[in-house]
Amino acid sequence: MKVALVHDYIKEFGGAERVLKVLTEIYPKAPIYTAFYIRNSDAGREFKNFTIYESKLALIIKHGRLYSPLRFLLPWIWKSHDLTKYDLVISSCSNYIARGFKVGESASRRTKVIAYCHTPPRFLYGFKTGMDWQKYWPVRIYGNIIAHFLRIFDYKSAQKIDHWIANSENVSARIQKFYHKKSTVIYPPVNVSEIITASEGIEKQNFFLIASRITGAKGLEEAVRAFKKIKVPLKIVGGTAGFTNIKSNLEKQGEGYVEFLGRVDDDALWKLYAMAKGFVALARDEDFGMTVVESQAAGTPVIAFNGGGFKESVVNGKTGILIDDTDAKTIQKAINKLNRTKWSKRALQNNAKRFSKEKFVSKISLFVNTHA
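Listed below in structure tokens is the structure:
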């Protein structure tokens, strides 16, 4: 069976790219088709040994950061990919749609398409995004006009998918709402075994941790303001993404109590999880949120906003604390409760095992064998 993988674009390295990386392990001979590929980027270095095909418009959209304002080209970007020679295509799709490519539709060559959906594009359906593009009225008018036509393309291309996989119940509900399609939930792969091993023998230190792309919609602004106000040390791991000057603003706001570590390798990240007193995740409607599971695998409890995918991965009172607001007073109460609670490392790690890489590989393989 000839298999191809499709991914939005290869630039930043986050949860969606971790999923793609495991898919390449399951299908090591499968090429990756993408909108554009930046070789010296975080994701580019991770996938440098794979065969990658960019769209015909890649040279235009990857210049600077034009891939964001030139989203109106998405129908042509994906139509430029001809995947008719493949028996199976697995699309890892989210904000750049990653659908609408050419596939075999004849009796002699019928291409099955499975979409692993991280989320329907957030900017098309009113969810908060990394850049507050509606802040400035010219951008808002331009964006809303483009969004209207892209919603049509997004919906029509969604109807041509044979089978949908959602990364959470939260995203599954969005797929039903926006595409009127049923989906199977297969949680994304977390390196639970590696993290458990890396966390052995590491003692806790007096700081809290966030691991996230430095962008909007992740609750970083609220976290920095709160931790500075309550005078509790906070470390933030992650690189910047998209059009944003958020990092410089956050550094000024958090000076003295918030430390930005940039992107670190996995070994260093696993140890930071284990050393932290608690992990913080304040995004209001996170699609799933792999980092909160990684933290639990390291035996570190979580303070997370009570919404989105966090409700599926955090057991309130057992592996973390779910909070209904993100102001300094609420976070202070949660920290006090976390400090008073005796957390079971075994309970934290057992909960994380529900989302292990091994379970993902097994479920994806079974799904493909059943439906392809």
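Per the numbering used here, the sequence shown runs over residues -3 to 368.
Glycine residues also receive a C-beta, built at the ideal position from the N, C-alpha and C atoms.
*In the structure shown, what three-state DSSP assignment does ASN312 receive?*
Residue state, collapsed to three classes: strand.
_Segment limits, alpha helix (DSSP H) that includes TYR121_ = First-last for TYR121: undefined, no H or E at that position.
_Segment contact, 8 Å Cβ cut-off, at least three pairs: the segment 260 to 279 with the segment 194 to 211_ = yes
_Extent of the continuous beta strand (DSSP E) to which ILE28 belongs_ = Run containing ILE28: 28 to 30, per the beta strand (DSSP E) assignment.
*If you count every other CB in all the chains shown that lies within 10 Å of the CB of GLN292, and 16 or more means buried, which is it?*
Buried is the call here.
*asked:* According to DSSP, is SER37 part of a helix, a strand, or is it coil?
replied: coil
*Going by CA-CA distance only, name the one from GLY305, ILE317, ILE73 that's closest to ASN335.*
When only C-alpha atoms are compared, the closest one is ILE317.
*asked:* Taking the alpha carbon of LYS214 as the reference point, which residue from LEU257, PHE123, ASP263 has its own alpha carbon closest?
replied: PHE123
*At a Cβ threshold of 9 Å, is ASN347 touching chain C?*
Here there is only one protein chain, and chain C is not present.
_Status (buried if at least 16 other CB within 10 Å, exposed otherwise) for THR30_ = buried
*Does the beta-carbon of ALA330 have 16 or more other beta-carbons within 10 angstroms, so that it is buried, or is it exposed?*
buried
*Where ARG336 falls: helix, strand or coil (DSSP)*: helix
_Delimiting residues of the beta strand (DSSP E) encompassing HIS59_ = Run containing HIS59: none; DSSP gives neither H nor E here.
*From the DSSP output, in three-state form, read off ALA162 for me.*
Strand at ALA162.
*Bridge partners of ALA270, per DSSP?*
Its beta-bridge partners do not exist; DSSP assigns none.
*If we count the other Cβ atoms within 10 Å of its Cβ and call it buried at 16 or more, is ASN166 buried or exposed?*
buried
*Which residues bound the alpha helix (DSSP H) around GLU354?*
353 to 367
*In three-state DSSP terms, what is PHE306?*
helix
*GLY139: which of ILE182, VAL85, LEU69 sits nearest, CA to CA?*
Among ILE182, VAL85, LEU69, the Cα nearest to that of GLY139 belongs to LEU69.
*Using beta-carbon positions only, say whether TYR33 and ALA0 come within less than 9 Å of one another.*
no
*Exposed or buried, which one is ARG106 when buried takes at least 16 other CB atoms within 10 Å?*
exposed
_So, under 8 Å CB-CB, ALA324 and ARG221 are touching, yes? Tell me the CB distance rounded to an integer number of Å._
Approximately 7 Å separates the beta-carbon atoms of ALA324 and ARG221; this is inside 8 Å, confirming the contact.
*For PHE46, collect the residues of the same chain with a Cβ closer than 8 Å to its Cβ; drop the 5 residues on either side in sequence, then sort them by chain order.*
Correct list, in chain order: THR20, PRO27, ILE28.
*Could you give the DSSP three-state label for ASP262: helix, strand or coil?*
When DSSP states are grouped into helix, strand and coil, ASP262 belongs to the helix group.
*asked:* Quick check: what's the CA-CA separation for LYS248 versus ALA207?
replied: 19 Å
*In three-state terms, what does DSSP make of HIS77?*
Here HIS77 sits in coil by DSSP.
*Roughly how many angstroms lie between the CA atoms of ALA371 and GLU251, to the nearest whole one?*
Outside the modelled stretch of the chain, which goes from -3 to 368, sits residue 371, for which no answer is possible.
*DSSP-derived helix/strand/coil call for LEU414*: Residue 414 lies beyond the residue range present for the chain, which begins at -3 and ends at 368; the question has no answer from this structure.
_Using 9 Å as the threshold, is the C-beta distance between ARG147 and LEU120 below it?_
yes
*What separation, rounded to the nearest whole angstrom, lies between the Cα atoms of ASN187 and VAL310?*
A straight line joining the alpha-carbon of ASN187 with that of VAL310 spans about 17 Å.
*List the residues that DSSP assigns as beta-bridge partners of HIS3.*
THR30, SER88
*Go ahead and pull the three-state DSSP assignment for THR287.*
Note: THR287 maps to helix in three-state DSSP.
*asked:* In the DSSP output, which residue or residues are listed as bridge partners for GLU21?
replied: Answer is none; GLU21 lacks a bridge partner.
*Helix or strand or just coil, what does DSSP make of ILE198?*
coil
*asked:* I'd like the span of the alpha helix (DSSP H) that includes LEU216, first residue to last.
replied: 216 to 226
*asked:* Please return the same chain residues whose Cβ sits closer than 8 Å to the Cβ of GLU190, not counting the five positions on each side in sequence.
replied: ASP262, TRP266
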